[in-house]
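Residue numbers (this note's numbering), protein chains in the order written: chain A, 1 to 316; chain B, 1 to 427.
See below:
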């Protein structure tokens, strides 16, 4: 049982950090533009597909470096030539724009790469177990995923809080007019942040593609959960997104690893139901079965009891 | 109007030169002056979303078979072409209802559908209700892949025909195969949390108990369908359970992710599946899945039995280099439906249904298959095949890997009793 607990924690952390790479970009873009970027997970998918194609010719490592850059540049272009124009028509237009963009990206991917699962593999260099504990292997690639995402987290934290660029970005988020009056090019900052956010999503796609499989539905599978994280963490709060990512990663992982369910609860209460009971499905439900739904349950609870999210600021 | 549509369709398909040659388009064009109204058949399956690849491959096979066997040879029923009309149900029961409405308003009366037993059940109920209320306007459901037994058992319908062996038949064969392996002492069951996944779990438990009471079921897990990002936490549990083998009914992305996670975890145990091949799955599993992943399926894999069957694969590959003949049962279904049409000289669903009942048909694989009249369930040879790259004449995903049949059971031995009490419409 101990090894299940240890590995559940490790898996939870890997998923959590990966989710954070997506959520950080999404929440930054939100705090900047006041709009949820529905196409964010699509950039994650683009990252995986670009990296897959690059890896066919130049190997995995080239893909790791260049795919996020390509995605970032693409993201910056979307901001510069798309969102900025749409911005003048208000938030609803922006929302609809990103919504449409998500569909456009998904369809384009199916057009260029086809609909079947792509054979995107982990590099041979990392094709060994990092360590074996109580009969379970932890692959080197998962260790690598974790290292990259922790590195990104530290880097992001440092840039945003300690560097001059970070201070200007933070200022531009809350007081764009003032920053503009001080002689900074605010639209350029916005474009940079959007590009950076999408590049991070692309990077997440590059490292997740080989383990979570690269297929046209990958954005849909991850997309909704990222929104949940951003809302639970508090819209616009980077620290909140971090906590919520780890929370959800661990929550799902522990829920799957656990073996408890309604039957245990009923046994504890000394109640039992027959198999033919109309609510049989409810009485036999167990935690692993509903694990992927738990984040949404958490979302509902957070919205009821703390509408601003864990770390969000109260709106005036 | 109808004629001009047909013309554009024919010329449209002639634009692809390879297709044009293989389909003998020249011949069709010379015949268009006498073209009659096409026989239109709906294909309703996910053509977008998470499970789009399976649906699209099915559509490709159906369209190809229609052209290959009939349209290139002057059509059916005295010169009518077969036109396949794709309807995207996104594998959702709600969307299926909407698409069914569309099929009705487009005057489509034969619907091919295969993916997801939940969708097939919805469609079957919808069709039964529609047919009861709209006599003379009936619709026929050709189920080529949804394998929840209930569709031809308690919930059987006169308007539903299944051209795939159902889950209990397949599991009967698969558990025979597993029971013969003395090294397996424990089994882990994992599946998608819906009707078919539940059937796999229940039936496997029951059959293994009968055939090999010493095999312990060390895990019985359900996960939401198409929602799991990462199967590693599940695999952690499989490893810690100490299972000797895994059995799963997963398909599509859920199948690849599960198999990949098991392989990546370093767990070296056999995986018994229904759908672990084609549509990118074979290529993704590649070397790491060799001799470990097995499938139960109808018909045979490599070596293919007849020259006609081989030629069909080759010609399909020429027309669609990036696709495979993943589900030859679609071809069987189309051929049997057309045979029924020719026999009755009509496209009336009621007449077709009567003609299909108890039809015995020899497939291009040279095998005789039987559509049982009492429950509309097909019976044919079943096989267990292994994922490998040795002895593979026809590979999958152009990967060099494919399926080689290890165990075969003739049609007569796959027959199970049915609890179907069919309500027959009166005319």
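C-beta: ideal position from N, C-alpha, C; glycine also.
Computed from a predicted model, the values in this text were never measured in an experiment.
- A Cβ-Cβ separation of about 3 Å places residue 146 (chain B) in contact with residue 120 (chain B) under the 8 Å criterion.
- Annotation for residue 130 (chain B): the continuous alpha helix (DSSP H) segment containing it runs 117 to 133.
- Our two residues, residue 54 (chain B) and residue 199 (chain A), have alpha carbons roughly 31 Å apart in a direct line.
- Close partners of residue 257 (chain B) in chain A (Cβ separation under 8 Å): 212, 213.
- Taking 9 Å as the Cβ-Cβ cut-off, the segment 234 to 266 of chain A approaches chain B at 252, 253, 254, 255, 256, 257, 259, given in chain order.
- In this structure, the alpha-carbon of residue 211 (chain B) lies about 8 Å from that of residue 175 (chain B).
- Distance from the CA of residue 45 (chain B) to the CA of residue 99 (chain B), rounded to the nearest whole angstrom, comes to 10 Å.
- Residues of the segment 95 to 109 of chain B with a C-beta less than 7 Å from any C-beta of chain A: none at all.
- Counting every other CB atom within 10 Å of its CB across the protein chains shown gives residue 201 (chain B) a total of 16 or more, marking it as buried.
- Within the segment 133 to 155 of chain A, 135, 136, 137, 139 place their CB atoms closer than 7 Å to a CB of chain B, listed in sequence order.
- Contact note: residue 228 (chain B) reaches chain A through 292, using a C-beta cutoff of 7 Å and chain order.
- For residue 407 (chain B), the secondary structure class from DSSP, reduced to helix, strand or coil, is strand.
- Residue 138 (chain B) carries a coil assignment under DSSP once its states are collapsed to helix, strand and coil.
- Within the segment 293 to 311 of chain A, the residues whose Cβ lies closer than 9 Å to any Cβ of chain B are, in chain order, 293.
- At least 9 Å separates the CB of residue 287 (chain A) from every CB of chain B.
- With at least 16 other beta carbons inside 10 angstroms of its own, residue 167 (chain B) counts as buried.
- Contact between residue 185 (chain B) and residue 257 (chain A) is ruled out by a C-beta separation of about 24 Å, above the 8 Å threshold.
- In the structure shown, residue 87 (chain B) adopts extended strand secondary structure according to DSSP, grouped into three states.
- For the segment 1 to 14 of chain A, the beta-carbon criterion of a distance under 7 Å to any beta-carbon of chain B is satisfied by 3, 4, 7, 8, 11.
- Secondary structure of residue 295 (chain B) (DSSP, three-state): strand.
- Not a single C-beta of chain B is nearer than 9 Å to the C-beta of residue 209 (chain A).
- Within the segment 92 to 117 of chain B, the complete alpha helix (DSSP H) segments of 4 residues or longer fall at 93 to 105, listed in chain order.
- Residue burial is scored here from C-beta neighbours: residue 59 (chain A) has fewer than 16 other C-beta atoms within 10 angstroms and is therefore classed as exposed.
- DSSP, read as helix, strand or coil, puts residue 272 (chain B) in strand.
- In the displayed model, residue 159 (chain B) falls within coil according to three-state DSSP, outside both helix and strand.
- With a cutoff of 9 Å on beta-carbon distance, residue 313 (chain B) and residue 114 (chain A) are scored as not near each other.
- Exposed is the label assigned to residue 303 (chain B), since fewer than 16 other Cβ atoms lie within 10 Å of its Cβ.
- Nearest CB-CB separation between residue 407 (chain B) and chain A: not below the 9 Å threshold.
- Proximity to residue 62 (chain A) across A:101, A:123, A:103, A:82 peaks at A:123, based on C-alpha coordinates.
- Look at residue 221 (chain A): its C-beta is under 9 Å from a C-beta on chain B.
- The three-state reading of DSSP puts residue 317 (chain B) in helix, counting H, G and I together.
- Under the Cβ criterion (8 Å, minimum of three pairs), the segment 8 to 28 of chain A counts as touching the segment 147 to 162 of chain A.
- When secondary structure is reduced to three states using DSSP, residue 343 (chain B) falls in the helix class.
- Proximity of the segment 76 to 88 of chain A to the segment 227 to 247 of chain A falls short of the contact definition, fewer than three beta-carbon pairs being nearer than 8 Å.
- When C-alpha distances from residue 278 (chain B) are compared across B:359, B:172, B:251, B:396, the shortest belongs to B:396.
- Residue 245 (chain B): member of the beta strand (DSSP E) spanning 245 to 248, first to last residue.
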